[in-house]
Amino acid sequence: MPILRRVPVVLAVGALVVAMAAGCGSVVDGAAKGEAAGRTAGAFAPGAGAVPAGLEEFYTQTPQWESCEGYSTDGMPLASSLECAEITVPVDYADPTGDTAKIAISRSQATGPKIGSVLVNPGGPGASGLAMATDGGGTALGDRFDVIGFDPRGIGASTPQVRCLTPPETDAQRADPGVDMSPEGIARTEAKNADYARKCAERTGAEFLEHVGTREVVRDMDVIRSVLGDEKLSYLGYSYGTRLGSSYAETFPANVRAMVLDGALDPNQDQVQEVVLQAAGFQKAFDAFAADCAQSDDCPLGTDPARFSARFKELVDPLVDKPADTTDPRGLGYRDAITGVQQALYSQNLWGMLRGGLSSLADGHGDTLLQLADTYEGRQEDGSYSNIEDVFNAVRCVDDPPVTDRAEAGAADTEFRRAAPFLDDGRGTGNAPLDTCAFWPVPSSGSPHTIDAPGLPHLVVISTTEDPATPYQAGVELAKQLGASLITYRGTQHTVAMSGVSCVDDPVVEYLTELTEPQPDLTC
1 MPILRRVPVV LAVGALVVAM AAGCGSVVDG AAKGEAAGRT AGAFAPGAGA
51 VPAGLEEFYT QTPQWESCEG YSTDGMPLAS SLECAEITVP VDYADPTGDT
101 AKIAISRSQA TGPKIGSVLV NPGGPGASGL AMATDGGGTA LGDRFDVIGF
151 DPRGIGASTP QVRCLTPPET DAQRADPGVD MSPEGIARTE AKNADYARKC
201 AERTGAEFLE HVGTREVVRD MDVIRSVLGD EKLSYLGYSY GTRLGSSYAE
251 TFPANVRAMV LDGALDPNQD QVQEVVLQAA GFQKAFDAFA ADCAQSDDCP
301 LGTDPARFSA RFKELVDPLV DKPADTTDPR GLGYRDAITG VQQALYSQNL
351 WGMLRGGLSS LADGHGDTLL QLADTYEGRQ EDGSYSNIED VFNAVRCVDD
401 PPVTDRAEAG AADTEFRRAA PFLDDGRGTG NAPLDTCAFW PVPSSGSPHT
451 IDAPGLPHLV VISTTEDPAT PYQAGVELAK QLGASLITYR GTQHTVAMSG
501 VSCVDDPVVE YLTELTEPQP DLTC
């Protein structure tokens with residue numbers, strides 16, 4: 001039962017870039033103008049707002065802004081107009097005199113009367129957020145806010161980094177299909193999962209692994225708020241970034257100014273529920289892609305809707321035993337083929353590439369799907385990797401209690417296959433291995449629960465009806481828990497805010513700048 005990251009990195013960053021380049025057409029006045037007019041340069045000094053006792057040295061530090069050259073670690077170029085800095089945070093907030101970590105942040109400065117800063121996060125967990133700041137000059141958000149990106153602790157340019165596998169070890173891991181559900185196959189997979197967990201502890205350090213989860217990242221976000229001189233936080237979070245937002249709101253409700261949470265996670269769902277619902281979401285996205293593909297006679301999935309999933313499996317299942325040829329000597333194995341397809345199902349913008357990739361696979365060539373899989377896995381042209389996969393595992397393993405009951409793991413695998421027939425390789429036995437988190441060397445620090453954050457200002461949640469990675473109902477539930485406005489977007493993609501859809505973008509910008517609530521039950 002694969003667990004998928006909830007962000008297509010290039011798409012989330014690209015969405016904000018498109019919006020900043022196009023602008024959102026909102027005229028800002030009223031409350032925001034009054035708020036900005038009352039602000040002076042001195043009002044944005046470090047140490048603003050609430051400063052917890054014993055943490056003064058972190059909350060009052062002054063960022064030393066410099067060129068972002070050397071900050072990008074994931075192959076995503078950073079705009080030359082951006083500035084970058086590092087801020088220091090305690091590894092363990094319960095022991096502020098102990099070890100520290102560095103958090104990399106980026107900034108595009110406001111070009112007009114400044115309301116404050118808006119912090120943005122693309123999700124993951126594990127995705128770098130530095131490029132999210134981009135150049136906001138001349139746009140509705142960029143005029144009124146410093147747009148701030150950040151690499152959460154352990155990620156990208158922040159240090160120390162979470163590192164578990166070397167590049168050759170990661171290549172080998174990806175080449176293993178991991179589909180054998182016999183007792184022997186399950187034992188081998190569990191041994192590999194335990195070895196991965198051991199290497200994470202050895203190469204990253206168990207103490208740091210214990211403190212890389214959402215619980216600590218939201219504390220870091222509050223330090224960022226303070227050192228930027230903002231009394232309260234304005235935030236735009238995508239996908240897993242919605243968990244950061246809702247957790248921040250629960251931890252620091254009095255420090256929230258405004259939040260937009262797009263592609264929401266329901267904090268009250270356990271991991272098994274979440275992954276099975278995600279599987280169903282990807283099946284819907286696959287069906288929509290296949291129906292679109294079938295409009296052409298040369299669709300590699302054929303033209304019969306009843307045969308779409310079966311035809312897909314005829315293309316990919318043979319890769320378990322024999323990878324497809326690629327220009328790269330690695331070849332395209334089963335696991336990478338599935339990963340590449342799922343990467344493309346995040347957005348209709350990639351459907352053309354997916355269709356071409358499946359057509360090439362039908363002819364015995366796997367280059368396109370391997371390229372998509374490499375993008376998802378963070379593999380660079382030189383064979384190195386960003387640490388998105390290692391951070392993803394590290395965060396999810398401390399954020400929620402692991403599944404340690406093999407009967408539960410087997411039942412979950414069966415449910416997953418039923419929810420997503422196109423991903424069912426036909427090798428299910430009713431049993432399944434325990435995943436990496438069952439062998440994790442440090443305890444979890446969170447658990448599913450309903451958000452309890454009395455006194456919050458009005459927030460905004462956006463949910464897409466056919467979102468494959470974060471199903472629509474999760475956004476409905478999160479909006480209820482937060483007492484937030486819900487914007488519904490009818491589409492088949494993962495997240496939508498600031499991607500050029502004016503029906504969504506205009507009320508989002510108006511809310512962030514003027515604190516004006518969107519109209520009730522807004523559907524776009």
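Mapped onto the numbering used here, the consecutive letters of the sequence shown carry residue numbers 1 to 524. By construction, the Cβ of each residue, glycine as well, lies at the ideal position given by its N, Cα and C atoms.
Requested in this report: Assign K114 to one of two classes, buried (16 or more other C-beta atoms within 10 Å of its C-beta) or exposed (fewer than that).
Outcome: Locating residue 114 in the sequence shown gives position 114, counting from the first residue. Under this definition K114 is a buried residue.
Query raised in the report: Straight-line CA distance for G30 to A140?
Result: Start at 1 with the first residue of the sequence shown, and residue 30 comes out as number 30. Start at 1 with the first residue of the sequence shown, and residue 140 comes out as number 140. In this prediction, G30 scores a pLDDT of 33, lower than 50, which makes its location untrustworthy; the coordinate-derived value is nonetheless stated afterwards. Counting only the Cα atoms, A140 lies some 15 Å from G30.
Requested in this report: In angstroms with no decimal places, state the Cα-to-Cα distance between G178 and D230.
Outcome: For the purposes of this step, residue 178 is identified with residue 178 of the sequence shown, where counting begins at 1. For the purposes of this step, residue 230 is identified with residue 230 of the sequence shown, where counting begins at 1. The straight-line gap from Cα to Cα measures roughly 48 Å.
Requested in this report: Note down, in chain order, each residue of its chain lying with its Cβ closer than 6 Å to the Cβ of M221, except the 5 sequence neighbours on either side.
Outcome: As a first step, residue 221 must be located in the sequence shown, where it is residue number 221. Result list for M221: Y248, in chain order.
Query raised in the report: What are the boundary residues of the alpha helix (DSSP H) that includes T339?
Result: On the sequence shown, residue 339 is found 339 positions in, with the first residue counted as 1. Looking at the DSSP string, the run of the alpha helix (DSSP H) that includes T339 is 334-344.
Report task. Answer yes if the stretch 125-136 comes into contact with the stretch 101-109, meaning at least three C-beta pairs across the two stretches below 8 Å, and no otherwise. Result -> yes
Query raised in the report: What are the uninterrupted segments assigned as alpha helix (DSSP H) that are 4 or more residues long and contained completely in the stretch 375-420, given in chain order?
Result: Correct list: 388-399, 406-419.
Requested in this report: Leaving out five residues on either side along the sequence, give the residues of the same chain with a beta carbon under 7 Å from the beta carbon of A201.
Outcome: Against the sequence shown, residue 201 aligns to sequence position 201. So the qualifying residues of the chain are L209, P441.
**Report entry** Neighbourhood of L456 by C-beta distance below 8 Å, restricted to the same chain and skipping five residues each side
**Finding:** The sequence position of residue 456 within the sequence shown is 456, counting from 1. Result list for L456: A249, P253, V256, L482, G483, in chain order.
Query raised in the report: Is G263 near H494, with beta carbons less than 8 Å apart?
Result: On the sequence shown, residue 263 is found 263 positions in, with the first residue counted as 1. On the sequence shown, residue 494 is found 494 positions in, with the first residue counted as 1. Yes.
Query raised in the report: According to DSSP, what are the bridge partners of V147?
Result: Along the sequence shown, one-based indexing puts residue 147 at 147. Looking at the DSSP assignment, V147 forms a beta bridge with S108, V118.
Requested in this report: Find out if the Cβ-Cβ distance for the pair G491, E466 is shorter than 8 Å.
Outcome: Along the sequence shown, read from residue 1 onward, the residue named residue 491 stands at position 491. Along the sequence shown, read from residue 1 onward, the residue named residue 466 stands at position 466. For G491 and E466, yes; Cβs fall inside 8 Å.
Query raised in the report: Do you know whose CA, among Y196, T189, L277, lies nearest T470's CA?
Result: As a first step, residue 470 must be located in the sequence shown, where it is residue number 470. Checking every option, the nearest Cα to that of T470 belongs to L277.
Query raised in the report: Does the stretch 291-305 come close enough to the stretch 341-356 that 3 or more CB-CB pairs lie under 8 Å?
Result: yes
Requested in this report: Look at the alpha carbon of I87 and the alpha carbon of Q295, and state the distance between them as a whole number of angstroms.
Outcome: Looking up residue 87 in the sequence shown gives position 87. Looking up residue 295 in the sequence shown gives position 295. Their Cα atoms are separated by approximately 53 Å.
Query - Ordered list of beta strand (DSSP E) runs contained in the stretch 254-281, each at least 3 residues - result: The stretch 254-281 contains these whole beta strand (DSSP E) runs: 256-262.
Query raised in the report: Exposed or buried, E56, counting other C-beta atoms within 10 Å across all chains shown (16 or more means buried)?
Result: On the sequence shown, residue 56 is found 56 positions in, with the first residue counted as 1. E56 is exposed by the Cβ-count criterion.
Query raised in the report: At what residues does the alpha helix (DSSP H) containing G237 begin and finish?
Result: Here residue 237 is taken as the residue at index 237 of the sequence shown, counted from 1. Run containing G237: none in the alpha helix (DSSP H); it sits in the beta strand (DSSP E), 233-238.
Query raised in the report: Are there three or more Cβ pairs, one per stretch, closer than 8 Å when the stretch 417-434 is compared with the stretch 182-198?
Result: yes
Report task. Taking only runs that begin and end inside the stretch 132-204, name each unbroken beta strand (DSSP E) of 3 or more residues, in chain order. Result -> 145-151
Report task. Could you tell me which of G428, Q519, P401, S463 sits nearest to G213, measuring between CA atoms? Result -> Walking along the sequence shown from the start, residue 213 turns up at place 213. Out of G428, Q519, P401, S463, P401 has the C-alpha closest to the C-alpha of G213.
Query - Reduced DSSP category for P520 - H, G, I as helix; E, B as strand; rest coil - result: For the purposes of this step, residue 520 is taken as residue 520 along the sequence shown, with counting starting at 1. Here P520 sits in coil by DSSP.
Query raised in the report: For V496, which option in L478, A474, C524 has the closest C-alpha, if you only look at C-alpha atoms?
Result: Translated into positions along the sequence shown, residue 496 becomes position 496. Selection L478, A474, C524 evaluated against V496 yields C524 as nearest (Cα-Cα).
Report task. Can you give me the Cβ contacts of P90 inside the same chain, cut-off strictly under 7 Å, excluding the 5 residues immediately before and after it? Result -> Mapped onto the sequence shown, residue 90 falls at position 90. Excluding residues within five positions, the ones whose Cβ falls inside 7 Å are F58, P96, G98, T100.
Query raised in the report: Per DSSP, which one or two residues make a beta bridge with V461?
Result: The residue labelled residue 461 in the question sits at position 461 within the sequence shown. Answer by DSSP bridge pairing, in chain order: L261, L486.
**Report entry** A285 (DSSP reduced to helix, strand or coil)
**Finding:** On the sequence shown, position 285 is the one that residue 285 refers to. Residue state, collapsed to three classes: helix.
Query raised in the report: Secondary structure at V442, three-state DSSP: helix, strand or coil?
Result: By one-based count along the sequence shown, residue 442 stands at place 442. Coil.
Query raised in the report: Buried or exposed: Q380, going by 16 or more other Cβ atoms within 10 Å of its Cβ?
Result: Translated into positions along the sequence shown, residue 380 becomes position 380. So Q380 ends up on the exposed side.
**Report entry** L515 versus E66: straight-line alpha-carbon distance, rounded
**Finding:** The count along the sequence shown starts at 1 and reaches residue 515 at position 515. The count along the sequence shown starts at 1 and reaches residue 66 at position 66. So the two alpha carbons sit approximately 32 Å from each other.
Query raised in the report: Where do the N-terminal and C-terminal ends of the alpha helix (DSSP H) with I224 fall, by residue?
Result: Position 224 of the sequence shown, counted from the start, is the residue given in the question as residue 224. Run containing I224: 214-227, per the alpha helix (DSSP H) assignment.
Requested in this report: Return the first residue and the last residue of the beta strand (DSSP E) that V89 is part of.
Outcome: What you label residue 89 is simply residue 89 of the sequence shown in a count that begins at 1. Here the beta strand (DSSP E) through V89 covers 83-90.
Query raised in the report: When DSSP labels each residue in this structure, what does V508 get in the three-state scheme?
Result: Reading the sequence shown from its first residue, position 508 is the one you call residue 508. Correct three-state label for V508: helix.
Query raised in the report: At which residues does the alpha helix (DSSP H) containing G528 begin and terminate?
Result: Absent from the model: residue 528. The displayed extent of the chain is 1 to 524, so no value can be given.
Query raised in the report: Is L233 near D390, with beta carbons less than 8 Å apart?
Result: Counting from one through the sequence shown, the residue named residue 233 turns up at place 233. Counting from one through the sequence shown, the residue named residue 390 turns up at place 390. No. Outside cutoff.
Query raised in the report: In its own chain, which residues sit with a C-beta less than 6 Å from the C-beta of G366, not counting the 5 before and 5 after it?
Result: Numbered from its first residue, the sequence shown carries residue 366 at position 366. Hits under 6 Å: A324, T326, L332.
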